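For what it's worth, this note's numbering labels the leading residue of the sequence shown as 76, then goes sequentially. Quick reminder that beta carbons are idealized off the backbone N, C-alpha and C, glycines included. Owing to the predicted nature of the structure, the values given are computational and were not obtained by experimental measurement.
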Amino acid sequence: MSDANKQVEKKIEALREKIRSHEYLYYVLDQPEISDAEFDKLMRDLKDLEVAHPELLTADSPTQRVGGKPREGFLKVRHSSPMLSLDNTYNEDELRDWERRVPELTGRVDVDYVCELKLDGMSLALIYEGGKLVRGITRGDGSVGEDVTLNVRTVRSIPLSISKEQLKKAGIPADFEVRGELLMPTAAFRKLNEEREKNGLATFANPRNFTAGTVRQLDSSVTAQRRLDFFPYILLSNGRTYFERHWKTLNALQEAGFKVNTNRKLVHNMEDVWAFIQEWAAKRESLAYEIDGIVVKVDRTALQDELGFTGKAPRWAIAYKYAARAGITQLEDIRVQVGRTGKLTPVAMLAPVLIGGTTVRNATLHNMDEIDRLGVKIGDWVQVERGGDVIPKVAKVIDDKDHPRPRDLKDFEMPEKCPVCGTKVVRTEGEVDYRCVNANCPAKLRETILHFASRGIMNIDGMGDALVNQLTERGLLKNVADIYKLTKADLLSLERMGDKSAQNILDEIENSKKLPLERVIYGLGIRMVGERTAQFLAEHFGSMEALENAGVEELQNVNEVGPRIAESIVEFFGIAANRKLVERLREAGLTLTGQKKQRGTKLVGKTFVLTGTLAHFTRDEAKKMIEDAGGKVTGSVSKKTDYVVAGADAGSKLDKAKELGVKVIEEKELTQLLG
Ligand code: IVH
Numbered sequence: 076m077s078d079a080n081k082q083v084e085k086k087i088e089a090l091r092e093k094i095r096s097h098e099y100l101y102y103v104l105d106q107p108e109i110s111d112a113e114f115d116k117l118m119r120d121l122k123d124l125e126v127a128h129p130e131l132l133t134a135d136s137p138t139q140r141v142g143g144k145p146r147e148g149f150l151k152v153r154h155s156s157p158m159l160s161l162d163n164t165y166n167e168d169e170l171r172d173w174e175r176r177v178p179e180l181t182g183r184v185d186v187d188y189v190c191e192l193k194l195d196g197m198s199l200a201l202i203y204e205g206g207k208l209v210r211g212i213t214r215g216d217g218s219v220g221e222d223v224t225l226n227v228r229t230v231r232s233i234p235l236s237i238s239k240e241q242l243k244k245a246g247i248p249a250d251f252e253v254r255g256e257l258l259m260p261t262a263a264f265r266k267l268n269e270e271r272e273k274n275g276l277a278t279f280a281n282p283r284n285f286t287a288g289t290v291r292q293l294d295s296s297v298t299a300q301r302r303l304d305f306f307p308y309i310l311l312s313n314g315r316t317y318f319e320r321h322w323k324t325l326n327a328l329q330e331a332g333f334k335v336n337t338n339r340k341l342v343h344n345m346e347d348v349w350a351f352i353q354e355w356a357a358k359r360e361s362l363a364y365e366i367d368g369i370v371v372k373v374d375r376t377a378l379q380d381e382l383g384f385t386g387k388a389p390r391w392a393i394a395y396k397y398a399a400r401a402g403i404t405q406l407e408d409i410r411v412q413v414g415r416t417g418k419l420t421p422v423a424m425l426a427p428v429l430i431g432g433t434t435v436r437n438a439t440l441h442n443m444d445e446i447d448r449l450g451v452k453i454g455d456w457v458q459v460e461r462g463g464d465v466i467p468k469v470a471k472v473i474d475d476k477d478h479p480r481p482r483d484l485k486d487f488e489m490p491e492k493c494p495v496c497g498t499k500v501v502r503t504e505g506e507v508d509y510r511c512v513n514a515n516c517p518a519k520l521r522e523t524i525l526h527f528a529s530r531g532i533m534n535i536d537g538m539g540d541a542l543v544n545q546l547t548e549r550g551l552l553k554n555v556a557d558i559y560k561l562t563k564a565d566l567l568s569l570e571r572m573g574d575k576s577a578q579n580i581l582d583e584i585e586n587s588k589k590l591p592l593e594r595v596i597y598g599l600g601i602r603m604v605g606e607r608t609a610q611f612l613a614e615h616f617g618s619m620e621a622l623e624n625a626g627v628e629e630l631q632n633v634n635e636v637g638p639r640i641a642e643s644i645v646e647f648f649g650i651a652a653n654r655k656l657v658e659r660l661r662e663a664g665l666t667l668t669g670q671k672k673q674r675g676t677k678l679v680g681k682t683f684v685l686t687g688t689l690a691h692f693t694r695d696e697a698k699k700m701i702e703d704a705g706g707k708v709t710g711s712v713s714k715k716t717d718y719v720v721a722g723a724d725a726g727s728k729l730d731k732a733k734e735l736g737v738k739v740i741e742e743k744e745l746t747q748l749l750g
C-alpha cells in the first residue's frame with residue numbers, strides 16, 4: 076500500500092470510529108451530542124471516501140447498514156446451543172412454587188435473582204468473531220434458525236464492530252454470541268402502521284408481528300427504514316454461558332456498547348422480586364415498547380447449570396406474565412369488514428370503555444367460529460381484552476349479578492353478499508373464513524394491484540404505493556387489466572409526474588408483457604397460490620386457458636396442489652369478473668402461454684414428508700430435489716404418504732408415520748431413490 080493510501084485508510088478508520096461513537100450515543104444511550112445534520116455530514120464524508128477507495132470498504136463500516144440487494148431467501152443455520160423459551164406463571168402462588176424448587180434442587184438457600192422486563196419482541200442470536208458481527212440468526216424452531224445477517228446489520232443499536240480494547244475492558248472474549256430481543260418501539264410501530272394504512276397496505280396487528288415481518292424482509296433496505304431495537308440478555312462463548320453471574324453478563328454487555336435494558340434489578344429474595352413485578356405492572360404503560368411480563372433468573376451460572384432444563388425451558392428462569400388489560404362493556408352491534416385479501420372479519424361495536432388508559436370502541440371477533448365459541452350475541456355484556464395488539468378482542472360473555480344477560484339479544488349472521496361489492500361470499504369447505512373472491516372488489520383493489528406490479532411478479536418498477544393510490548382514487552385503475560390501458564396523458568395528469576417518469580412507467584408496463592405465464596398466474600392473487608404453486612401450475616398446464624378450465628381433480632395432479640388450493644383456483648375462475656379480467660390481460664398482449672415441463676419421472680406419484688434436520692441439505696433443498704424428480708412433498712403424514720424422510724430430532728411426524736405404518740427412510744435412502 077502506498078503512503079498516500081495509508082493516509083486515506085487512517086482517515087477512513089478515524090471517521091468510522093467517530094461515527095460509531097455517535098451512533099452509540101444516539102441509538103444506545105439516547106443522548107446525541109451532535110445534530111442529525113452533523114451526523115449525516117460525517118456519514119457523507121465517509122461514503123465519499125469509500126466510493127473513491129472501494130478497496131478500503133469493509134463490511135463493518137457504518138455505511139454498510141443501509142441494506143443491500145434483495146435476497147432469494149434465507150439460509151438455515153444451526154444454533155450453537157438450543158435457543159430456549161420460558162415457562163410462564165400467572166400469579167404469586169405459581170411464582171412461589173417455582174422458587175421453592177430452586178433450593179430443593181440445588182440445596183442452596185441464599186439464592187440471588189435478576190429481574191428483567193419480558194420484552195414483547197422476537198429473540199435473535201448475534202455471532203461476533205474478532206469483535207465483528209458476522210451473523211444474525213432468528214430463533215426458528217430453537218435448534219435451527221434463519222440467517223438474517225443483512226437485515227440485522229441495519230439495526231442501529233447493534234454494534235457492527237467492537238474494538239479489542241473495549242471488549243477487553245468489558246471482559247468479553249473476541250469471539251462470542253449474544254442473544255436478546257429484537258423489537259419495534261410502540262411509537263415507530265404506530266407511525267409505520269398508519270403509513271401502511273394510508274398507502275393501502277396490509278397493517279400489522281402488533282409490534283411483535285411487525286418486527287418478525289421486518290427482520291425477514293428479503294430486501295434489507297426495507298428493514299433499514301423501519302427502526303428496530305435490540306436488547307441483549309445472554310452472552311455465550313462456545314455455546315456456553317460465559318460469566319459466573321447473570322448480573323455480570325448484563326453489565327459487561329452494557330460496557331461493551333450493547334443496549335442492555337436499564338430496567339433490571341439484582342435482588343436477594345422473593346419479596347423484592349414481587350415488588351419489582353408490582354412496580355412494573357403499574358409503570359408498563361410508560362415504556363416506549365410493549366412488555367408482557369417480568370423474567371426472573373437465578374443469578375449464579377453454577378446454580379443455573381445444576382438446575383438444568385425441562386423440555387424447552389430452563390428451570391433457572393421463569394416468566395411472570397401480566398394479565399391482559401381488560402374491561403367489561405356492552406356489545407352494541409357487529410359489523411363486517413372486508414380485508415384486503417377479501418377476508419370478512421366481524422367487528423364488535425362497543426359502548427366506549429376505558430382499558431389501560433385507552434378508550435376502546437371496537438374489538439375483533441376474528442371469525443364466525445369464534446362468535447360461535449364465545450356464544451356471543453348482539454346486546455351481550457362482554458369482557459374486552461387489550462394485549463399488545465392494535466385491535467382489542469372480545470374475550471368472553473359476561474353474565475353475573477352486576478351484568479345480567481339482557482333478554483332482547485340478537486343473533487349475528489354472516490352476510491351472504493360482500494358488503495363492499497355485493498359479490499356472493501364463499502366459505503371453502505373446512506375453512507374458517509368467509510371471503511369475497513371477486514378480484515375487482517374495491518376493498519382489495521389497491522393491494523391486488525400492488526401485488527401484481529411488484530418486483531418478482533410483473534416487475535413494473537415505479538408502480539408503488541404513491542402512484543397506485545392516485546390511480547385508484549381517480550378511477551384510472553379499477554382492476555389490474557386497466558394498467559395496460561394507461562396512457563401517457565393519464566400519467567401526466569398525476570401529481571409530481573414528469574414526462575420522463577411517465578415514459579419510464581409505460582416502458583416498464585410494456586416490458587411486463589413479456590414476462591412468463593407463471594408470473595401472471597402468481598400476479599392474479601389467487602388465494603393460496605404463491606410463487607412456487609404458480610410455477611407448478613404453469614409447467615403443468617402450459618397455458619392460462621387450460622388452467623382456467625381445469626377441474627378440482629385435475630388440479631390435484633399438480634405438484635403441491637391439494638384439495639384446498641384446487642378449490643381456491645376453481646372458485647377464482649368460477650367468478651365471471653375474474654375470467655373477464657384474464658380475457659382483458661390476453662387482449663392486452665400478456666404472455667398467457669408457456670412451455671409445459673415434464674419434471675423427472677423417478678418419483679412420480681410418490682408423496683414424501685420431511686421431518687427433523689437433514690445432515691447434507693436443508694429441507695427446502697431436499698424438497699426441490701424430490702419435486703424435480705416428479706415427487707410431491709407435503710407437510711403432514713397421512714395414509715397417502717409414501718415415505719417419511721426422518722432426519723435428526725424427528726418429532727411427532729415420525730410417531731405418526733409409525734402409527735400409520737408409513738415407510739420411514741433416512742437421508743441416505745432418499746439420495747438412493749433420487750439416484
Ligand atoms: S431469557 C433461556 N429474558 O421471551 C432463557 N427472554 O417466552 C431464554 N424474552 O424466547 C430467554 N424478554 O424471546 C429472556 N428479559 C428476557 C426476555 C426474554 C423477552 C422472550 C424471549 C423468549 C421468550 C420466552
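By the Cβ-count criterion, LEU567 is exposed, with fewer than 16 other Cβ atoms from all chains shown falling within 10 Å of its own Cβ. When the alpha-carbon of GLN379 is set against those of ASP123, GLU642 and ASP187, the nearest one is in ASP187. Beyond the five residues adjoining it in sequence on each side, THR608 comes within less than 7 Å, by CB distance, of GLU635, VAL636 and ILE640 in the same chain, given in chain order.
Separation of GLY368 and ASN163 (C-alpha to C-alpha, rounded to the nearest whole angstrom) is 9 Å.
If you check the C-beta of ASN281 against the ligand IVH, you find no heavy atom less than 8 Å away.
Contact between the segment 339-358 and the segment 416-424 is absent: fewer than three C-beta pairs spanning the two stretches fall below 8 Å. Cβ contact annotation for ALA528 (same chain, cutoff 6 Å, sequence separation greater than five): ILE535 and MET538, in chain order. Pairwise C-beta distances place the segment 487-494 out of contact with the segment 463-477, as fewer than three of them are shorter than 8 Å. Cβ-Cβ distances below 6 Å link PHE333 to PRO307 in the same chain, with the five nearest sequence neighbours on each side left out; the list follows chain order. Not one heavy atom of the ligand IVH falls within 8 Å of the beta-carbon of GLY598. Relative to the ligand IVH, the beta carbon of GLY383 is positioned no closer than 8 Å to any heavy atom. DSSP lists LYS707 as the bridge partner or partners of THR682. In the DSSP assignment, GLY211 falls within the beta strand (DSSP E) that extends over 207-213. When GLY617, MET572, GLU583 and LEU525 are compared, the shortest CA-CA separation from PRO591 is found for GLY617. By the criterion of a C-beta distance shorter than 6 Å, ASP455 is surrounded in its chain by LEU406 and VAL472, once the five residues flanking it on both sides are discounted. Remark: the shortest separation between the CB of ARG214 and any heavy atom of the ligand IVH falls under 8 Å. Inter-residue distance for MET533 and VAL595 is about 7 Å (C-alpha atoms, whole angstroms). For PRO427, the three-state secondary structure derived from DSSP is strand.
If you look at ASN284, you'll find it in the alpha helix (DSSP H) that goes 282-290. In this model, ARG301 and THR261 are separated by some 12 Å (Cα to Cα). Taking ASP216 as reference, the option from LYS387, GLN82, PRO248 and LEU267 with the minimal CA-CA separation is LYS387. Around the beta carbon of TYR165, a 10 Å sphere encloses fewer than 16 other beta carbons of the protein chains shown; the residue is thus reported as exposed.
When secondary structure is reduced to three states using DSSP, ARG301 falls in the coil class, being assigned neither helix nor strand. For ALA663, same chain residues with a beta-carbon under 8 Å away, outside a window of 5 residues either side, are ALA556, TYR559, LYS560 and LYS588 in chain order. Taking C-beta atoms as the reference points, THR503 and CYS511 fail to come closer than 9 Å. Remark: C-beta atoms of GLY246 and ALA299 do not approach each other more closely than 9 Å.
A distance below 8 Å between beta-carbons, with the five flanking residues on each side excluded, links PRO490 to the following residues of its chain, in chain order: VAL411, LEU419 and VAL500. Counting along the chain, SER198 sits inside the beta strand (DSSP E) bounded by residues 197-204. For ILE403, the enclosing beta strand (DSSP E) has its first and last residue at 400-413.
Contact between the segment 180-195 and the segment 333-344 is present: 3 or more CB-CB pairs across the two stretches fall below 8 Å. Relative to the ligand IVH, PRO389 has its C-beta within less than 8 Å of a heavy atom. The count of Cβ pairs closer than 8 Å, one atom from the segment 122-135 and one from the segment 281-289, stays below three, leaving the stretches out of contact.
Going by DSSP, ASP367 is part of the beta strand (DSSP E) stretching over 366-373.
Residue pairing by DSSP places CYS190 opposite LYS340 and VAL371 in a beta bridge.
Spatial neighbours of LEU729 in its own chain (CB-CB distance under 8 Å, excluding positions within 5 residues in sequence) are listed in chain order as THR686, GLY687, VAL719, ALA721 and VAL739. Annotation for PRO517: VAL495 and CYS496 place their beta carbon closer than 7 Å to its own, counting only its chain and skipping 5 residues before and after.
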